[in-house]
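full-length UniProt numbering puts the sequence shown at residues 1 to 124.
Note that the Cβ used here is the ideal one computed from N, Cα and C, for glycine as well.
The next block holds one structure in the form of structure tokens; read it before the comments.
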Amino acid sequence: MKKKTRKIIVGDKEYLYVINQKYNNHSSNISLKVSLEGFKNLTCTFQFFTWDDPITGSPLLVGVSLKNKETNNKEFFNINYPRTIREFILYGLENGWTGENKIEFQDGIDIIGKMGYEVSWLKP
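The following block contains the structure:
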């Protein structure tokens, strides 16, 4: 899959992000790299390790209904959606990333859980 850098504005700043994926023996490794405009090499990276279905693909890339633990409602979650990217940028900013430093979060599935979703079934 060809890398496609996309732009998003959060607050008054412009960010660039790219989503990469690798498949290996029914598992999916997805990385989300975000950088502040003008600081391309100072990324906030999120790693997601989940199962992969041979027909439908990775649940985070094709979209999946996740239960919101606070409201008990199911919400559609897709890592490609700008709303989702915005949540991860805000998470990075609240947890040590300034846009002018490099940081990596190894367990993106747990971060989705911290955002209030039931994620245990996403783990391989």
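Nearest-angstrom beta carbon gap, Lys7 and Val18 [assumed within contact, 8 angstroms] | Actually they are not in contact, since the Cβ atoms of Val18 and Lys7 sit about 11 angstroms apart, beyond 8 angstroms.
Name, in chain order, the residues that DSSP records as bridge partners for Phe105.
-> Phe46
Sequence-distant residues of the same chain with beta carbon closer than 6 angstroms to Lys67, five excluded per side | Lys74, Glu118
With respect to the beta strand (DSSP E) encompassing Glu75, which residues constitute its N-terminal and C-terminal limits?
-> 74 to 77
Could you have a look at Glu37 and say whether DSSP puts it in helix, strand or coil?
-> coil
Could you check the C-alpha separation between Asp107 and Ile89 for me, to the nearest Å?
-> 15 angstroms
Taking Leu60 and Thr50 to be in contact with their CB atoms under 8 angstroms, please state how far apart those CB atoms are, rounded to whole angstroms.
-> 6 angstroms
What's the C-alpha gap between Pro124 and Asn41?
-> 30 angstroms
What does Ile111 pair with, by DSSP beta-bridge criteria?
-> BP columns for Ile111 are empty, so no partner.
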